[in-house]
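*Asks:* In this note's numbering, the protein residues as written are 16 to 412.
Beta carbons: idealized from backbone N, C-alpha and C, even for Gly.
Note that the structure is predicted; figures quoted are calculated from it, not measured.
Just passing along the structure, written as structure tokens.
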């Protein structure tokens with residue numbers, strides 16, 4: 016019926032016990048028989064049915080690419096996934112009778128890792144992650160429901176094979192969503208989406224991954240019952256002020272990204288522009304100069320004290336209204352700051368450069384601004400640490 020990846024094994028259904036058709040199947044299978052030696056099962060089998068037939072399939076997660084660190088720690092490896100489809104010898108043409116399996120068998124379809132051209136980032140979850148969470152959804156938007164489902168089923172009938180019953184209704188669910196990994200900032204790190212493509216390709220897939228965490232911000236319908244429309248992603252910067260880039264991924268149907276013989280169009284998620292934010296929310300009293308600048312840019316009204324009083328109007332007028340902060344550049348260090356500010360000596364200063372994005376007639380434009388900040392020494396009487404204040408802003412490009 017379909018092409019089987021060489022690195023997966025098939026298993027006769029003689030090993031299956033009664034009860035395989037339950038929503039949560041209990042398969043009495045020795046996993047050491049069905050999985051390649053280097054794979055280790057994660058959690059248990061799960062029932063799933065999002066393909067072009069009425070029969071239930073079986074989803075299994077596993078670890079692969081096991082390794083040992085330089086310190087001797089054994090790492091099980093990232094988590095992958097596979098769906099096993101129960102099939103019968105009748106699906107093999109009569110001319111190939113000699114090559115038919117002797118009994119019904121489970122045919123594996125790799126989800127991830129996979130060489131499918133839309134397969135994403137390579138794994139369902141990173142090493143050391145908890146078992147993934149999966150659930151089925153159904154497309155509900157009219158523009159996504161267009162398909163040639165029944166026509167494709169008819170063409171998949173193999174000449175010489177026993178005829179199989181053709182469904183008269185669309186599948187109850189037609190996509191599988193999998194959450195994998197956990198970010199220390201909050202949210203999962205991987206969201207993978209799978210759907211049935213064709214017998215030749217098996218399951219199509221797309222994925223969003225972000226080390227700073229993912230959060231679903233919009234569904235096509237009811238939450239966890241319809242496809243994900245938009246996802247917020249955060250990417251930590253290698254930075255002392257806990258800065259992140261944040262963007263929104265939006266679901267997209269690509270008519271040119273559909274395999275031959277597929278009954279529906281493939282999907283993927285298009286990333287919007289990234290903006291600079293604080294990973295854990297804006298701090299009340301930022302310590303480093305770049306954090307002072309970003310806190311004021313993100314919330315001028317709530318951080319008025321970040322700009323010296325006599326320059327607040329001038330600074331706001333210079334910047335005007337911008338769309339987002341795209342980047343900051345700054346000095347990692349400044350001249351040594353002593354415990355006491357010497358009377359008569361000019362306060363220490365440093366500079367931060369901010370790239371701000373503005374609306375323009377042609378779309379968007381980026382402008383570079385130079386912020387000059389002045390150091391305020393520790394005030395023991397007021398129990399404050401040393402701080403920085405914006406004293407001037409100039410446009411540089």
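So, helix, strand or coil for residue 319, using DSSP?
*Replies:* helix
*Asks:* Is DSSP giving residue 304 helix, strand or coil here?
*Replies:* helix
*Asks:* Could you spell out the range, first to last residue, of the alpha helix (DSSP H) harbouring residue 160?
*Replies:* 157–160
*Asks:* On the DSSP bridge assignment, give the partners of residue 60 in chain order.
*Replies:* Paired residues: none, contrary to the question.
*Asks:* So the candidates are 321, 124 and 120; which of them puts its Cα closest to the Cα of residue 214?
*Replies:* Nearest option by C-alpha distance: 124.
*Asks:* Whether or not the stretch 275–285 and the stretch 234–241 are in contact is what I'm after, with contact meaning three or more pairs of Cβ atoms, one per stretch, closer than 8 Å; do they touch?
*Replies:* Contact between the stretch 234–241 and the stretch 275–285 is absent: fewer than three C-beta pairs spanning the two stretches fall below 8 Å.
*Asks:* Sort 337, 187 and 391 by Cα distance to residue 360 and report the nearest one.
*Replies:* 391
*Asks:* Determine the contact status of residue 72 and residue 45, defining contact as a CB-CB distance below 7 Å.
*Replies:* no
*Asks:* Figure out for me which residue from 257, 265 and 226 has the closest Cα to the Cα of residue 440.
*Replies:* Here the chain covers residues 16 to 412 and nothing more, so residue 440 does not appear.
*Asks:* Measuring CB atoms only, is the stretch 246–256 touching the stretch 156–165, in the sense that at least three cross pairs come out at less than 8 Å?
*Replies:* no
*Asks:* By how many angstroms is the C-alpha of residue 318 removed from the C-alpha of residue 363?
*Replies:* 21 Å
*Asks:* Classify residue 186: buried if its beta carbon has 16 or more other beta carbons within 10 angstroms, exposed otherwise.
*Replies:* Classification of residue 186: buried, given that the 10 Å Cβ count is 16 or more.
*Asks:* In three-state terms, what does DSSP make of residue 327?
*Replies:* helix
*Asks:* Start and end of the beta strand (DSSP E) containing residue 407?
*Replies:* 402–410
*Asks:* Determine the contact status of residue 372 and residue 365, defining contact as a CB-CB distance below 7 Å.
*Replies:* no
*Asks:* How would you label residue 130, buried or exposed, when you count the other beta carbons within 10 angstroms and need 16 or more for buried?
*Replies:* exposed
*Asks:* So, with DSSP's three-state summary, where would you put residue 89?
*Replies:* strand
*Asks:* Would you mind giving the Cβ-Cβ distance between residue 151 and residue 190, rounded to the nearest angstrom? I have them listed as a contact below 8 Å.
*Replies:* 7 Å
*Asks:* Relative to the C-alpha of residue 80, which residue among 138, 393 and 322 is closest?
*Replies:* 138
*Asks:* Just the Cα atoms here: how many angstroms apart are residue 349 and residue 386?
*Replies:* Rounded to whole angstroms, residue 349 and residue 386 show a C-alpha spacing of 15 Å.
*Asks:* Count the other CB atoms within 10 Å of the CB of residue 255; is the residue buried (16 or more) or exposed (fewer)?
*Replies:* Residue 255 comes out exposed.
*Asks:* Please return the same chain residues whose Cβ sits closer than 7 Å to the Cβ of residue 226, not counting the five positions on each side in sequence.
*Replies:* 198, 204, 250 and 251
*Asks:* Near residue 285, which residues of its chain fall below 6 Å by C-beta distance, leaving aside the five closest residues on each side in sequence?
*Replies:* 265 and 267
*Asks:* Are there 16 or more other CB atoms within 10 angstroms of the CB of residue 64, so buried, or fewer, so exposed?
*Replies:* Flag for residue 64 reads buried.
*Asks:* Shortest alpha-carbon distance to residue 287 belongs to which of 157, 333, 341 and 69?
*Replies:* 341
*Asks:* Among the candidates 328, 384, 216 and 379, whose CA atom is the shortest distance from the CA of residue 345?
*Replies:* 384
*Asks:* Leaving out five residues on either side along the sequence, give the residues of the same chain with a beta carbon under 6 Å from the beta carbon of residue 389.
*Replies:* Cβ within range, chain order: 362, 364, 404 and 406.
*Asks:* Could you tell me the alpha carbon to alpha carbon distance between residue 143 and residue 78, rounded to whole angstroms?
*Replies:* 10 Å
*Asks:* Taking the alpha-carbon of residue 147 as reference, which of 330, 95, 327 and 156 has the nearest alpha-carbon?
*Replies:* When each option's Cα is compared against that of residue 147, the closest is 95.
*Asks:* Count the other CB atoms within 10 Å of the CB of residue 302; is the residue buried (16 or more) or exposed (fewer)?
*Replies:* exposed
*Asks:* Compare the C-alpha of residue 154 against each of 141, 188, 297 and 140 and name the closest.
*Replies:* 188
*Asks:* Using only alpha-carbon positions, find the residue among 258, 76, 145 and 347 that is nearest to residue 310.
*Replies:* 258
*Asks:* Would you kindly check if the distance between the Cβ of residue 290 and the Cβ of residue 332 is under 7 Å?
*Replies:* no
*Asks:* Tell me which residue opens and which closes the beta strand (DSSP E) that residue 221 is part of.
*Replies:* 217–234
*Asks:* Roughly how many whole angstroms lie between the Cα atoms of residue 396 and residue 299?
*Replies:* 20 Å
*Asks:* For residue 74, collect the residues of the same chain with a Cβ closer than 6 Å to its Cβ; drop the 5 residues on either side in sequence, then sort them by chain order.
*Replies:* 61, 63 and 98
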